[in-house]
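Chains A and B, in that order, are what the protein sequence lines are.
Its first residue numbered 0, the first sequence is counted upward by one per residue in numbering that gives the first Met the number 0.
Its first residue numbered 0, the second sequence is counted upward by one per residue in numbering that gives the first Met the number 0.
Ideal Cβ positions, reconstructed from N, Cα and C, are used throughout, including at glycine.
The block underneath contains the structure these notes are about, expressed in structure tokens.
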Amino acid sequence: MRRLLISAGIAAGVIGMLPLAFAQQAPVPAVSPAPATTPAAPASPASDATPATSTPIASAAAEARPAGEYRITGSLDVGYRWLDGPGGSFETYRSVVNLGSGVKLIGLDLAIANPSRKWFENAHIRAFNWGNDPYATFHADAEKSRIYRLNVDYRGISYFNNLPSYADPLLAKGITLNEQSFDTHRRLSSVRLEILPGRAFTPYVSAERDARSGSVVTVFHSDNNDYPVAGVTRDSTNLVRAGVRISFRRVRATLEEGYTNFRNDQSDSTGPTNYGNTSVQTLGQTLDLTSLAQSYGIRGNSHYTKADFTASPFSWADIYAQFTYTTPHTTVNYTQYDTGSLVLLNQVLFFSGQQYLVNATASFPHTTANAGWEIRPYRRVRILQSFQTDRMTNTGSAAQADTLLAGTATVSQTALALASTLGMDSSQVDISILFDAGRKFTLRGGYRYVWGNANDVVSPQEGLYTIASEKLQRNIGMGAVSWRPSQKVLLSGDAEVGTSAGTYFRTSLYDYQKVRAMGRYKLLKSWQISGDFRILMNRNPLAGSSYHFLSRQESATLTWLPSGKKLSVDATWEHCTYQSTVSYLIPQLLVGADSVYSEDCHRISGMLNATLRGLHKRAATLEAGGAAVITTGSRPTTDYQPTARLTAPLTKNVAAFGEWRYYGFGESFYQYESFRAHLVTVGLRFTR
Amino acid sequence: MPNIDLVRRRNFALCGVAAFLFISGGLQAQRPTTVPKAFGDEYAGSATCQICHEDNFNNVTKTNPHRVVETDKKLGFADHVCESCHGPGAKHASTGDVAFIRSPLKLSPGEADKICLNCHANQQTHLGLIQNSHSKFAIACVSCHKMHVNGGALLVARKNADVNQLCESCHANVKAQFLMPYRHKIPENAMTCTDCHNPHGIPRQGMQQSFAGSEPPCLTCHGDKRGPFTFEHAPVKFEGCTACHEQHGSANPRMLIRHEVRQVCLECHANMPTSTPGVNAMGVVPPAFHDLRSARYQNCTICHQKIHGSYVDRNLLK
Chain A
0 MRRLLISAGI AAGVIGMLPL AFAQQAPVPA VSPAPATTPA APASPASDAT
50 PATSTPIASA AAEARPAGEY RITGSLDVGY RWLDGPGGSF ETYRSVVNLG
100 SGVKLIGLDL AIANPSRKWF ENAHIRAFNW GNDPYATFHA DAEKSRIYRL
150 NVDYRGISYF NNLPSYADPL LAKGITLNEQ SFDTHRRLSS VRLEILPGRA
200 FTPYVSAERD ARSGSVVTVF HSDNNDYPVA GVTRDSTNLV RAGVRISFRR
250 VRATLEEGYT NFRNDQSDST GPTNYGNTSV QTLGQTLDLT SLAQSYGIRG
300 NSHYTKADFT ASPFSWADIY AQFTYTTPHT TVNYTQYDTG SLVLLNQVLF
350 FSGQQYLVNA TASFPHTTAN AGWEIRPYRR VRILQSFQTD RMTNTGSAAQ
400 ADTLLAGTAT VSQTALALAS TLGMDSSQVD ISILFDAGRK FTLRGGYRYV
450 WGNANDVVSP QEGLYTIASE KLQRNIGMGA VSWRPSQKVL LSGDAEVGTS
500 AGTYFRTSLY DYQKVRAMGR YKLLKSWQIS GDFRILMNRN PLAGSSYHFL
550 SRQESATLTW LPSGKKLSVD ATWEHCTYQS TVSYLIPQLL VGADSVYSED
600 CHRISGMLNA TLRGLHKRAA TLEAGGAAVI TTGSRPTTDY QPTARLTAPL
650 TKNVAAFGEW RYYGFGESFY QYESFRAHLV TVGLRFTR
Chain B
0 MPNIDLVRRR NFALCGVAAF LFISGGLQAQ RPTTVPKAFG DEYAGSATCQ
50 ICHEDNFNNV TKTNPHRVVE TDKKLGFADH VCESCHGPGA KHASTGDVAF
100 IRSPLKLSPG EADKICLNCH ANQQTHLGLI QNSHSKFAIA CVSCHKMHVN
150 GGALLVARKN ADVNQLCESC HANVKAQFLM PYRHKIPENA MTCTDCHNPH
200 GIPRQGMQQS FAGSEPPCLT CHGDKRGPFT FEHAPVKFEG CTACHEQHGS
250 ANPRMLIRHE VRQVCLECHA NMPTSTPGVN AMGVVPPAFH DLRSARYQNC
300 TICHQKIHGS YVDRNLLK
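Structure follows, in structure tokens:
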């Protein structure tokens, strides 16, 4: 503990030196940024109360500065985090939390106003969670009224997943290895520029990139055995799009053209001798994999055309339409060279080497269109109608060449050409009528009809009849009511009942009822309670399915925000229930059985904010609360995340803060995946 | 088997009803008076409003986007920015009586939205407003947007944490779903609700955003699942990721809807092969060598690792 405190002091001192300039000569703050963890404001309609972002004094002070000087307001949070532990499964900790120790840029939030309006009028820069955290974000935007608007966004997300309970066939042997695990990093970036925003013609251009790289543990499947192998994966998608928005008072249209470029490379290899998941001998022989060079080279591109149109031809009518056409296309070059003691079971053929090459392509033209209108024949009546359709066809082809070797001799050579088609046409019409029975009472009733066809074929066929072709046909009735007897009370509810004559999948919505009710009551000026209830019941009566699904959620939220603001509380509790039963066939016996899933959960979150007396009459703030999840049923789980944070101002523009968090995760059936960890962060906040 | 004639007749009937409503609406409709007569017809001008509402006036005319209404004569409300939303205010100004000024907060959501849509009806983000779930549920623009704030694009929350907090203030159940251990990183504010949902509405189910034209928003980040694959897995394309995953959060690894992978698979792959459409649904039972008593066959994704679609193998093995 003593070492912890000494380290905290040193770290805070070092960190404090870095942004010293930030705090120097800070003017009267024009903005008082709220702490990031301030509880949610009451969910009342946006208030007309004077916002906290400006005061006449601050405005006057700002205007007194010489023209041309930037006005910078905002905050910077820097600190150091210690991770104690984790106790238990480090792999699960990384899969679920993945926060580590080190110096952190916790948050940067700057607003820059340029009174001279040269180059830009306003700019915002935000950056959060930098310093080897699993999710770092950066955002910047700048604008000059009616000239341009620029947005830049970046997110770096680490994705680690190694949970043996997900996919580990060797668990019975005491080997905890997830054979589908990842340690990857994803980087998302985008730049968007709008020219002449707010004018009749607004061209825009955007470039976006999504890139992932890292290592994986995957499986090399070879007939009667599967071998865990290590791999390296790298993929990226680049999207460039440009368009123009045309806006007039009664008519607006957007035309957009986009192009994507995609590449995905994965290569897998294995160590000297890999005995795989199956240790049982096959026809008297032990199978193994001694070498593997497997690589996927996937390249793709697509372009899309998008057009949308809205108009208000009359004061009593609005209409809209949208059309999108995309044509993604991929080509694949797959190579596989492997050696070992391997078998082709259906030919009872043992071999020592294999070369497997595939060249494949796929095209996926996809058209979506929708149109609709809203008409208001009377002041209190709105009629909404829409039609939409979604049409897609994927056609793929693959040329496969498989050569099996015994030593250097070829024992089998096959070539195969495959073709695949996956298609779907789906449409729906929807009509709703809204009636304002008064200013405080709105009723809605509607009807929706959904229909479609789908098919899935791979040829030449293998095994049993495998052409899948299904139809979708669903009728849905809808009703809703919204009642606002006063600004303190809001009650709303809606219901949806659907019946089907066909669906694509056994677990799709078939005959279902969906109900939702929500209420909000502002008890006193400082108290607000709200509740939410929703239930979905779905049943598929088709022979062999016997599918019954129930999902129910009840939640309640309490917000206490007294006028003095020295203490506030925000708490949410939710109870959920999921129950599912569906018949299936046990493959090896072809006899029926039931797949049963149940989950009953309690989820609680809350935060208490208190203002305390701090140094030099500067108020300190204490935030304490956290979240807890307790589930029972098919996968009983507990997840506790209490937290506390103390912020104490040191000077007018500098505050020190300390934060403690605890993560406690446990699973009754998979206790080897439990973990617990303490995280302590200390740092400084600079504001101006 | 769906009756095609019935379907056609139904579609014609729907179109007929719609056409009738559209035409009768046109005949019946009167041009709505944007300001009730009770509020008077005389305008006071922003300078008059400023006398009592100086804070709001200052905010709106400094960096608020609506300041353009005050200055741009083409918009028709030059020097009357307050009254562009609140209606003529001369009577209110002379009497001080709030009964003589229009407050959008006190109007029905439809009426309040109409004020905003006088100018904003034909902007890109409002394309779906007509079919917008928020609109249908009588949630007005002013529920999220604060009109009087000072600051560029700050009429609504922009920071990730603020955006999420705004949505959670009504969607408490969704907030709770994000508490589950396996989740998208909303509580950490690495993402926002609006990354996946368009709060102004969009014809897609769940007000989902779209990626590259018409594809689901999941592909914005999970580009490696986009394909097109030579051998597709039909549910991914037909029902999207939520066929197998809880999109917000789950107690099950990989945010699956079931605690074991085989359950997710076998609940669909349970039909005997048939050549007759409509008899059951897609997903035939696996061949008999899939002996579920063996650990090897209890984790389907061990072998069928390319479960989202395969570029090279018809059985999604590689």
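Residue-level contact to chain A via CB, residue i, 9 Å cutoff
| i | result |
| --- | --- |
| Gln208 (chain B) | no |
| Pro198 (chain B) | no |
| Lys36 (chain B) | With a pLDDT of 48 at Lys36 (chain B), under the threshold of 50, the predicted position of this residue should be treated as unreliable, though the coordinate-derived value follows. No, Lys36 (chain B) lies away from the interface with chain A (no Cβ there is under 9 Å from its Cβ). |
| Glu187 (chain B) | yes |
| Asp96 (chain B) | no |
| Cys220 (chain B) | yes |
Residue from the options whose Cα sits closest to the Cα of residue i
| i | options | result |
| --- | --- | --- |
| Gly657 (chain A) | A:Val681, A:Ser266 and A:Pro133 | A:Val681 |
| Pro234 (chain B) | A:Phe219, A:Tyr503 and A:Thr366 | A:Tyr503 |
| His185 (chain B) | A:His220, A:Tyr134, A:Pro227 and A:Lys172 | Residue 185 (chain B) is actually Ile in this sequence, not His. The option with the nearest alpha carbon to Ile185 (chain B) is A:Tyr134. |
| Asn474 (chain A) | A:Arg505, A:Gln460 and A:Gln512 | A:Gln512 |
| Ala46 (chain B) | B:Thr70, B:Asp78, B:Arg257 and B:Lys72 | B:Asp78 |
| Gly299 (chain A) | B:His289, B:Tyr310 and B:Thr300 | B:Tyr310 |
| Thr253 (chain A) | A:Thr323, A:Asn393, A:Ser301 and A:Ser214 | A:Thr323 |
| Asn539 (chain A) | A:Leu549, A:Glu622, A:Arg447 and A:Val215 | A:Leu549 |
| Cys195 (chain B) | B:His119, B:Arg182 and B:Ser209 | B:Ser209 |
Within 9 Å, strictly: CB atoms of residue i and residue j
| i | j | result |
| --- | --- | --- |
| Leu489 (chain A) | Arg443 (chain A) | no |
| Ala269 (chain B) | Val595 (chain A) | no |
| Ser221 (chain A) | Leu286 (chain A) | yes |
| Asn273 (chain A) | Pro227 (chain A) | yes |
| Leu341 (chain A) | Leu282 (chain A) | no |
| Val250 (chain A) | Ala310 (chain A) | yes |
| Val96 (chain A) | Tyr669 (chain A) | no |
| Tyr153 (chain A) | Leu107 (chain A) | no |
| Trp526 (chain A) | Ile129 (chain B) | no |
| Gln384 (chain A) | Asp429 (chain A) | yes |
| Lys224 (chain B) | Cys243 (chain B) | no |
| Ile138 (chain B) | Pro108 (chain B) | yes |
Short CB-CB distance (under 9 Å) between residue i and chain B
| i | result |
| --- | --- |
| Gly698 (chain A) | A query on residue 698 (chain A) cannot be resolved here, the shown segment of chain A reaching from 0 to 687 and no further. |
| Phe656 (chain A) | no |
| His547 (chain A) | no |
| Lys521 (chain A) | no |
| Arg145 (chain A) | yes |
| Gln552 (chain A) | yes |
| Pro484 (chain A) | no |
| Pro586 (chain A) | yes |
| Pro202 (chain A) | no |
| Ser164 (chain A) | yes |
| Pro44 (chain A) | Legend: pLDDT at Pro44 (chain A) = 37, less than 50; position of this residue unreliable, value from coordinates given subsequently. It does; some Cβ of chain B falls within 9 Å. |
| Asn113 (chain A) | no |
Distance, residue j Cα to residue i Cα
| i | j | result |
| --- | --- | --- |
| Leu415 (chain A) | Ala453 (chain A) | 26 Å |
| Gly395 (chain A) | Glu495 (chain A) | 39 Å |
| Gly451 (chain A) | Gly665 (chain A) | 44 Å |
| Ala171 (chain A) | Ala292 (chain A) | 29 Å |
| Gln460 (chain A) | Thr498 (chain A) | 34 Å |
| Glu245 (chain B) | Leu588 (chain A) | 31 Å |
| Val283 (chain B) | Arg295 (chain B) | 20 Å |
| Ser246 (chain A) | Asp209 (chain A) | 31 Å |
| Phe228 (chain B) | Ala361 (chain A) | 6 Å |
| Leu82 (chain A) | Val679 (chain A) | 7 Å |
| Arg612 (chain A) | Thr620 (chain A) | 8 Å |
Entirely enclosed beta strand (DSSP E) segments - the region 272–330 of chain A, minimum 3 residues
287–313 and 316–325
Could you pull out every unbroken beta strand (DSSP E) segment of at least 3 residues lying fully inside the region 155–220 of chain B, listed in chain order?
none
Taking only runs of the alpha helix (DSSP H) that begin and end inside the region 50–79 of chain B, which ones reach a length of at least 4 residues, in chain order?
53–61 and 66–70
Suppose only complete runs of 3+ residues qualify. What are the beta strand (DSSP E) ranges in the region 218–272 of chain A, listed by chain order?
224–246 and 250–268
Within the region 474–551 of chain A, ranges of the beta strand (DSSP E) (whole runs, at least 3 residues):
488–501, 510–520 and 526–539
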